[in-house]
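All remarks here apply to the structure that follows.
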Amino acid sequence: ETGVTQSPTHLIKTRGQQVTLRCSSQSGHNTVSWYQQALGQGPQFIFQYYREEENGRGNFPPRFSGLQFPNYSSELNVNALELDDSALYLCASNSAGKFNEQFFGPGTRLTVL
Amino acid sequence: DQQVKQNSPSLSVQEGRISILNCDYTNSMFDYFLWYKKYPAEGPTFLISISSIKDKNEDGRFTVFLNKSAKHLSLHIVPSQPGDSAVYFCAASGLRGSQGNLIFGKGTKLSVKP
Chain A
50 ETGVTQSPTH LIKTRGQQVT LRCSSQSGHN TVSWYQQALG QGPQFIFQYY REEENGRGNF
110 PPRFSGLQFP NYSSELNVNA LELDDSALYL CASNSAGKFN EQFFGPGTRL TVL
Chain B
19 DQQVKQNSPS LSVQEGRISI LNCDYTNSMF DYFLWYKKYP AEGPTFLISI SSIKDKNEDG
79 RFTVFLNKSA KHLSLHIVPS QPGDSAVYFC AASGLRGSQG NLIFGKGTKL SVKP
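Going down the list, the protein sequences come from chains A and B. Converting from the first sequence to my numbering requires adding 49 to each position, the first position being numbered 1. Converting from the second sequence to my numbering requires adding 18 to each position, the first position being numbered 1.
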């Protein structure tokens with residue numbers, strides 16, 4: 050059984066650029082959630098995808114967008130990067146309806162200069 | 019405004035003793051609570067959970083207690099081991115219309131000394 054994987058591990062961008070982060074869900078999981086973890090904070094929910102549709106969204110601006118593909122993998126896109134977007138971005142997957150059994154990937158560390 | 023609070027940023031415990039990590043929440047509509055453990059350079063790992071209809075759940079060395087009237091939960095680790103050293107996050111879920119949205123506290127860094 051393959052766990053949740055994310056790429057890249059680390060990324061450095063400059064303010065105003067755009068970034069795409071990728072996530073492969075755990076085998077058998079069709080729901081993917083994205084979280085942002087700023088330094089010294091707990092993970093904060095960005096949005097969730099189920100069957101390729103957004104299925105819930107946290108308090109993040111529209112420049113944070115996502116996709117889910119037929120194989121349940123997912124992308125997080127952030128446009129017009131700001132310094133405060135520097136954070137660890139975590140992807141979590143779960144099987145349908147089992148929202149309380151989310152399995153997390155190792156995260157992507159994004160630094161915006 | 020934080021809905022899930024972990025007021026102790028760090029905790030140091032001697033190996034073999036009990037570790038008690040605390041968590042408070044403000045929204046009485048939460049119906050499920052979880053604890054995650056996080057090592058550096060890894061994602062959070064699920065540890066133990068409890069439904070709001072229960073007041074205790076036990077799994078090996080880990081026990082979670084829920085006090086709904088006080089809106090407080092705690093994680094007990096007995097006996098503590100050096101490998102338990104990690105950041106522990108409390109999370110809550112179940113708000114209507116927000117399924118899958120886990121709301122996390124800021125975490126408590128546990129250090130277990132040999």
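Glycine is no exception: its CB is placed at the ideal position from the N, C-alpha and C atoms.
- In the three-state reduction of the DSSP assignment, ASP19 (chain B) falls in the coil class.
- Residue environment for ALA136 (chain A): buried (at least 16 other C-beta atoms within 10 angstroms of its C-beta).
- For ASN85 (chain B), the enclosing beta strand (DSSP E) begins and ends at 80-85.
- Distance between LEU130 (chain A) and GLN66 (chain A), taken at the CA atoms: about 5 Å.
- Neighbours of ASN149 (chain A) across chain B, judged by C-beta separation under 7 Å: TYR50, LEU52, SER67, SER111.
- A direct Cα-to-Cα measurement between ILE61 (chain A) and ARG100 (chain A) gives close to 31 Å.
- Under the DSSP definition of a beta bridge, ILE95 (chain A) lacks any partner.
- In the DSSP annotation of this structure, the continuous segment of the beta strand (DSSP E) that includes GLU76 (chain B) starts and ends at 74-77.
- Contact annotation for THR160 (chain A) against chain B: no contact, minimum CB-CB distance about 15 Å [criterion: below 7 Å].
- When the beta-carbon positions are compared, LYS72 (chain B) and PRO62 (chain B) stay at least 8 Å from each other.
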